[in-house]
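Numbering (this note's numbering), first residue to last: 118 to 561.
Ideal Cβ positions, reconstructed from N, Cα and C, are used throughout, including at glycine.
The structure displayed is predicted, hence computed values, not measured ones.
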Amino acid sequence: MKYLILVMCCLTVNFSEAAEDFHWDGGELQFDFSSIAYQQREPKITQEEYLLLNDVVGLVKQQRQDDAIAELNLQLVRSPSAALWFSLAQLQQQQDQMAAALASFRHAIALLPHFTRAHESLGLLLTQQGDYDGARPHLRQAASQGAPAQIYAMLGYGYLQTQQPQAAKAAYSHALMLAGDNSQWQRGLLHAAMAAGDSALANSLTEQLLAASPEDAQLHRLRASLAQQQQLWAQAIASLEVAQQLQPDDAVQWQLTQLYFDQGYYTLAQPHLQQLLESGIDGRQQRLLEVADYLIGQQQPQQAEALLISLLSNASLSASQRSHGLTSQAQLLTDNNSQRSQRKQVGLLNKALRLDPLNGPALIALAKRYETNELVQAETLYRRAAALSSVRLEALQRHAQLLLAQQAYHRAEQLLRQAVKQAPNDLQLRDNLALVTRMVQSQG
118 MKYLILVMCC LTVNFSEAAE DFHWDGGELQ FDFSSIAYQQ REPKITQEEY LLLNDVVGLV
178 KQQRQDDAIA ELNLQLVRSP SAALWFSLAQ LQQQQDQMAA ALASFRHAIA LLPHFTRAHE
238 SLGLLLTQQG DYDGARPHLR QAASQGAPAQ IYAMLGYGYL QTQQPQAAKA AYSHALMLAG
298 DNSQWQRGLL HAAMAAGDSA LANSLTEQLL AASPEDAQLH RLRASLAQQQ QLWAQAIASL
358 EVAQQLQPDD AVQWQLTQLY FDQGYYTLAQ PHLQQLLESG IDGRQQRLLE VADYLIGQQQ
418 PQQAEALLIS LLSNASLSAS QRSHGLTSQA QLLTDNNSQR SQRKQVGLLN KALRLDPLNG
478 PALIALAKRY ETNELVQAET LYRRAAALSS VRLEALQRHA QLLLAQQAYH RAEQLLRQAV
538 KQAPNDLQLR DNLALVTRMV QSQG
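Pasting the structure below:
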């Protein structure tokens, strides 16, 4: 039987002109009715309701929850009662009848609008179901009537889930002020502080939590995330290394690998990258291709080539991803002017285009290779590339440059005008267009 998180409300019994308490501790289910707590915001029960609750307790003890629910429903048909609606809601929650429990809590509140624990319980249940906006008015009502610190924590959680970090900070801070140290709420406040950009508070909370739990890998990951936000790369790397040592995880290893690359620690990144490749690349194919391109840009051809060979040997790559990889391999041969390398580069680019005819970088790279002795083919490829938005500007400029080399100024001017439409704020491009226009005019 599911553990019942929320206990029964405190109710004041009003009969025979004397207050009487009703208490039953059923372990998973508790009926705890008192005239002390929340006495200004609680319903009073009649003698008939008191006796009914005794019967309900008996049925629950016999594991006859359905009969107990039926008895409460029957009495509620005869005489609506906020106390009995609340009691019914508790039983319905225990039986996983959440829609019915929500309705019962609302009936209780309709009969007694300031019923504190009904607002509290309804707000908590809605929060558990992810209806944070629906829960908020009830949690606020309960908080305004002196509900416990947990209510503020629930408000903070709801604000955090709906991207309201400042409100989440205030709610979690209030909860901690009322209840002292609570690591779960401190973490909630930490997440709120990070989302709000409050680095000072986030740093303070992180250090407090780590002092109490130095072997918590998740805290070290949060510390790394905070360090990255502040561009403290060495601290971020150190925190991720500790997190990975405490609790090996592919996501942490991937994040650490990217940081190593970004900071130029290629040798440190390589073993992590190799382990990731060996453990499987599903879901990371595109990002790994981008890492290979990054390595090429950072003049690390050997590491880029090794990564590309591993990727291209993997059957999980899509046709467009494989085309991307072949284009990157061809890029590694750009500076090698030997005929063999040139033939290999052309072969790789043609294969890439067969896999993905819309591979813009491959079209441009192959056009550049054909500029020397196959001008018609180069122009054809540039025209194809110019039809793709991702590389249109580069294709137009390179095509125009090729035409200028042939002194085809009028055609080059037309292409540059198209390029300026693509990048109207590029002053250098505008100056180039103006120069070519003067050249065209000088030819008459």
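Put simply, the segment 451-463 touches the segment 475-486. At least three CB pairs are less than 8 Å apart. With a cutoff of 9 Å on beta-carbon distance, Ala502 and Ala517 are scored as not near each other.
For Ile226, the secondary structure class from DSSP, reduced to helix, strand or coil, is helix.
DSSP places Ile268 in the helix class (H, G or I) of the three-state scheme. Here Thr374 has Ala386, His389, Leu390 as same chain residues with Cβ atoms under 6 Å from its own Cβ, once five neighbours each way along the sequence are excluded. Using a Cβ-Cβ distance cut-off of 8 Å, the segment 186-197 and the segment 249-263 are not in contact, since fewer than three pairs of beta carbons, one from each stretch, lie closer than that value.
Within the same chain, and ignoring the five residues on either side of Leu434 in sequence, the residues whose Cβ sits closer than 6 Å to its Cβ are Gln402.
In this structure Ser238 is buried. Its beta-carbon is surrounded by 16 or more other beta-carbon atoms within 10 angstroms.
Of the candidates Trp371, Gln346, Tyr526, Gln347, the residue whose Cα lies closest to the Cα of Glu358 is Trp371. The DSSP assignment places 249-261, 266-278, 282-296 as complete runs of the alpha helix (DSSP H) inside the segment 243-311, in order along the chain (cut-off: 4 residues). Secondary structure of Ile186 (DSSP, three-state): helix. Ala504 and Leu349 have their C-alpha atoms roughly 42 Å apart. In this structure, the alpha-carbon of Arg304 lies about 8 Å from that of Leu322. Taken in chain order, the complete alpha helix (DSSP H) segments of 4 residues or longer contained in the segment 325-394 are 334-346, 350-363, 367-379. Ile426 carries a helical assignment under DSSP once its states are collapsed to helix, strand and coil. Taking a C-beta distance under 9 Å as the contact criterion, Tyr526 and Val557 qualify as a contact pair.
If you draw a 10 Å sphere on the C-beta of Asp410, you find 16 or more other C-beta atoms in it, and that means buried.
Of the other Cβ atoms in all chains shown, fewer than 16 fall within 10 Å of the Cβ of Thr384; this residue is therefore exposed. Beta-carbon to beta-carbon, Leu272 and Ala296 are separated by about 14 Å, too far to satisfy the 8 Å threshold. Minimum Cα-Cα distance from Asp250 among the listed residues Leu229, Asn431, Gly275 corresponds to Gly275.
Sequence-distant Cβ neighbours of Ala235 in its own chain, meaning closer than 6 Å and more than five residues away, are Phe203, Phe222, Ala225, Ile226. In the displayed model, Ile162 falls within a strand according to three-state DSSP. Here Gln446 is not near Asn453, since their CB atoms are 9 Å or more apart.
Secondary structure at His231: coil, using DSSP grouped into helix, strand and coil. The beta carbon of Phe232 is closer than 8 Å to those of Cys126, Arg158, Glu159, Pro160, Ala199, Phe203, Ala225, Ile226 in its chain, skipping five residues each way along the sequence. Within the segment 477-516, the complete alpha helix (DSSP H) segments of 4 residues or longer fall at 477-487, 492-503, listed in chain order. Residue environment for Met311: buried (at least 16 other C-beta atoms within 10 angstroms of its C-beta). For Gln417, the number of other beta carbons within 10 angstroms of its own is at least 16, and it is reported as buried.
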